[in-house]
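Enquirer: In the numbering used here, the protein residues as written are 752 to 1286. Beta carbons are placed, not taken as given, at the ideal position from N, Cα and C, and that holds for glycine. Got a structure here, written out as structure tokens. Questions coming.
Next comes the structure, spelled out in structure tokens:
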């Protein structure tokens, strides 16, 4: 039994790793690539450990002075629960409720118990990794500033081993609710995933900007928070007493509160596993209703095809069009802080001539993470021959891909431009420039991305996210677009600040961008069409 269980756990962990690192169906991961990803994960781990270490270091002394050092461990446990829950809820939903290999595994001579436990332990292992990012710095800060005896250290290890069990029980519950909700609104699944990600990203940005305020509030209201946790979150309270005072009874109470929900969740899953693994979501039968036929033009139909394909995968949307998300978030952020912007412009009248170029640069820099056209050819994958075999001119196909990038990216850029114009109150001509310049830049990146993708298409991907995360055209487009924004500032600041005014420089850059737009578009209509037909 253990051999089969360990084999299944190993396979599932390898599958999760390959989804993050493997980019080709034919080629495996090279040693260099694995080392690179290992260094990246190590860097993220060090950043998180350092961040939480500084947080706990700033909390330990005030809590000791107030006589509520047990609150230190309560907050540690609360942070662990939140991080593990956020990091595992979608994985729990995928591994337990939407695994694609259910029928294959059930058809093999493998016990259902092993299949279920392999998925549960896989999630637990990842939760232990998340937990280590918080528990290790918390343990180090406490033991170096306060100290712990052997019983308290053993209890700390016991808490680290059992707390993810409680989180897994909560994740299973919420994943079950999520699975039932997504079945009911399957058509909007992608949009809901995008909204959830954007919401989480927005909360993260808000938390980062407000961390000092909340730290002050936490220290000022430490005793009030301690009383609230003691009265309403008694498992965390007993966990804290066990670790701070070595209270064995509190440790037993905590263990019961952590383990019993996990045991109940596993029992419910084991009883209903066959039903969950084999039940297909009910699809409402479509009833045909005769309606007048609506005919679209060829070009409109191609654009609709491109948009539907691109928006069918949430991760493709988020990685390929992050600039759209940032434009919306930036517009909201600027509206919230419009009074501060007015104050800066009032107190520094000497910056008035720089306002219009800076506003253009803000929109350009924010939009530089839109790389939709740079993956539009690669996303065709092994279906590329279908679009080529249709009686459609190559020019129309390429123009449709360009139009998709333009139509998706320009509205968000215009929103940010309009907000900046409204908040700063610049004149009509300057406002027109702030509206037009980002559109010209969007066209530049649109044309450049498609040319690079025609030059180096990638069709042998494992999943579509590879096209927007690990392909050369997308990487080059991103660095070139961001590099342009940085280069515009450096050239003027280092070379031209004493030679020409910022206004003359701005108009010169606009003319150069227009010329590049024309040249790149003509390149697509000549070389691009030939390259498309030869792929």
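#1: For residue 1121, does the three-state DSSP call read helix, strand or coil?
#2: Would a check of beta-carbon distances place residue 1169 closer than 8 Å to chain C?
#3: Considering only residues of the same chain and omitting the five flanking positions on each side of residue 1015, which have a CB-CB separation below 8 Å?
#4: If you follow the alpha helix (DSSP H) that residue 1278 is part of, which residue opens it and which one closes it?
#5: Would you report the Cα separation of residue 999 and residue 807, rounded to the nearest angstrom?
#6: Roughly how many angstroms separate the alpha carbons of residue 1240 and residue 1251, rounded to a whole number?
#7: Going along the chain, which residues of its own chain have a beta-carbon closer than 7 Å to the beta-carbon of residue 1010, five neighbours each way excluded?
#8: Thinking C-alpha only, which one of 1229, 1136, 1121 and 1145 is nearest residue 1163?
#9: At the level of alpha carbons, what is the spacing between residue 908 and residue 1024?
#10: If you compare alpha carbons, which of 1222, 1147, 1182 and 754 is closest to residue 1284?
#11: Are three or more beta carbon pairs between the region 1195-1214 and the region 1092-1106 nearer than 8 Å?
#12: Please go through the same chain and pick out, in chain order, the residues whose beta-carbon is closer than 7 Å to the beta-carbon of residue 1199, but skip the five residues on each side of it.
#13: Since residue 1273 is in the alpha helix (DSSP H), which residue starts that stretch and which ends it?
#14: Please go through the same chain and pick out, in chain order, the residues whose beta-carbon is closer than 7 Å to the beta-carbon of residue 800, but skip the five residues on each side of it.
#15: If you run the structure through DSSP and keep just helix, strand and coil, what is residue 774?
#16: Using the rule of at least 16 other Cβ atoms within 10 Å of the residue's Cβ for burial, across every protein chain shown, is residue 1134 buried or exposed?
#17: In whole angstroms, what separates the C-alpha of residue 774 from that of residue 1266?
#18: Answer yes if the region 1081-1090 comes into contact with the region 1167-1185, meaning at least three C-beta pairs across the two stretches below 8 Å, and no otherwise.
#19: Just to confirm my understanding: we take residue 1161, look at its own chain, exclude 5 residues before and 5 after, and list those with CB closer than 7 Å. What are they?
#20: Considering residue 1162, what are the terminal residues of the alpha helix (DSSP H) in which it resides?
#21: Going by the CB atoms, is the gap between residue 866 and residue 759 shorter than 8 Å?
#22: Please go through the same chain and pick out, in chain order, the residues whose beta-carbon is closer than 6 Å to the beta-carbon of residue 1077, but skip the five residues on each side of it.
#23: Runs of 3 residues minimum, wholly inside the region 1171-1248: which ones carry the beta strand (DSSP E) assignment?
#24: Take residue 918 and list the residues in its own chain whose beta-carbon comes closer than 8 Å to its own, dropping the five residues that flank it on each side.
#25: Report the option in 805, 924, 1157 and 846 whose CA atom is closest to the CA atom of residue 762.
#26: How big is the Cα-Cα spacing for residue 1247 and residue 1107?
#27: Indicate whether the contact test is met: 3 or more Cβ pairs, each with one atom in the region 859-875 and one in the region 812-826, closer than 8 Å.
#28: Which residue comes first and which comes last in the alpha helix (DSSP H) that contains residue 991?
#29: Which partner residues does residue 828 have in the DSSP bridge list?
Expert: Short version:
#1: Three-state result, residue 1121: strand.
#2: Here there is only one protein chain, and chain C is not present.
#3: Cβ within range, chain order: 920.
#4: Segment: none, residue 1278 is in no alpha helix (DSSP H) and carries neither H nor E.
#5: Between residue 999 and residue 807, the C-alpha separation is close to 25 Å.
#6: In this structure, the CA atom of residue 1240 is about 14 Å from the CA atom of residue 1251.
#7: Cβ neighbours of residue 1010 beyond the five flanking positions: 913 and 916.
#8: Nearest option by C-alpha distance: 1121.
#9: Going from the Cα of residue 908 to the Cα of residue 1024 covers about 32 Å.
#10: Comparing Cα-Cα distances from residue 1284 to each of 1222, 1147, 1182 and 754, the minimum goes to 1147.
#11: They do not touch, by the three-pair rule.
#12: Hits under 7 Å: 1228, 1231 and 1271.
#13: Where residue 1273 is concerned, the enclosing alpha helix (DSSP H) stretches over 1253-1274.
#14: Within the same chain, and ignoring the five residues on either side of residue 800 in sequence, the residues whose Cβ sits closer than 7 Å to its Cβ are 884, 887 and 888.
#15: Residue placement at residue 774 cannot be trusted, given a pLDDT of 49 that sits under 50; what the coordinates show is reported in the next sentence. In the structure shown, residue 774 adopts coil according to DSSP, grouped into three states.
#16: Looking at its Cβ environment, which holds fewer than 16 other Cβ atoms inside 10 Å, residue 1134 is exposed.
#17: Since pLDDT at residue 774 reaches only 49, below the 50 mark, its modelled position is unreliable, and the value read off the structure follows with that caveat. Distance between the alpha carbons of residue 774 and residue 1266 is about 36 Å.
#18: As far as the Cβ criterion goes, the region 1167-1185 touches the region 1081-1090, which means the pair count is three or higher.
#19: Excluding the 5 residues flanking it on each side, residue 1161 has same chain C-beta neighbours closer than 7 Å at 1190 and 1193, in chain order.
#20: Run containing residue 1162: 1145-1175, per the alpha helix (DSSP H) assignment.
#21: Closer than 8 Å, so yes.
#22: The beta carbon of residue 1077 is closer than 6 Å to those of 1117 in its chain, skipping five residues each way along the sequence.
#23: Listed in chain order, there is nothing to give.
#24: Here the set comprises 831, 832, 835, 836, 839 and 878.
#25: Sorting 805, 924, 1157 and 846 by C-alpha distance to the C-alpha of residue 762 places 846 at the top.
#26: Cα to Cα, the separation comes out at about 18 Å.
#27: Fewer than three pairs of CB atoms, one per stretch, sit closer than 8 Å, so the region 859-875 makes no contact with the region 812-826.
#28: Where residue 991 is concerned, the enclosing alpha helix (DSSP H) stretches over 985-996.
#29: Residue 828 is bridged by DSSP to nothing; it lacks a bridge partner.
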